[in-house]
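In this note's numbering, the protein residues as written are 4 to 84.
This is the structure in structure tokens:
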């Protein structure tokens, strides 16, 4: 039977996210693109992996008067290789 992430959290599972392989591209004075590989998992008290999702996250940033803001993004599946 499938268990939702919310149900796992209610049962005491802990969310853990690892981010690596961060790549950043300067697109001018007021824009940047950042991509990173992530591994998200819900784990039990014993460290057992109850749910996991691995992929790439890419975000576009723009600089505004009040700082850097996320303009858009996407994520998709994929390993770190």
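Note that beta-carbon positions come from the ideal geometry of N, C-alpha and C, so glycine has one too.
Next item on the list: Determine the DSSP secondary structure at residue 25, reduced to helix, strand or coil.
Entry: strand
Item checked: Spatial distance of residue 19 from residue 32 (CA atoms) -> 34 Å
Notebook entry, point to check: How would you call residue 9, buried or exposed, if buried means at least 16 neighbouring beta carbons within 10 angstroms?
Noted result: exposed
Margin query: Rounded to whole angstroms, what is the Cα-Cα separation between residue 16 and residue 55?
Written below: 12 Å
Note to self: Restricting to Cα atoms, I'd like to know which of 34, 14 and 13 is closest to residue 68.
What the structure shows: 34
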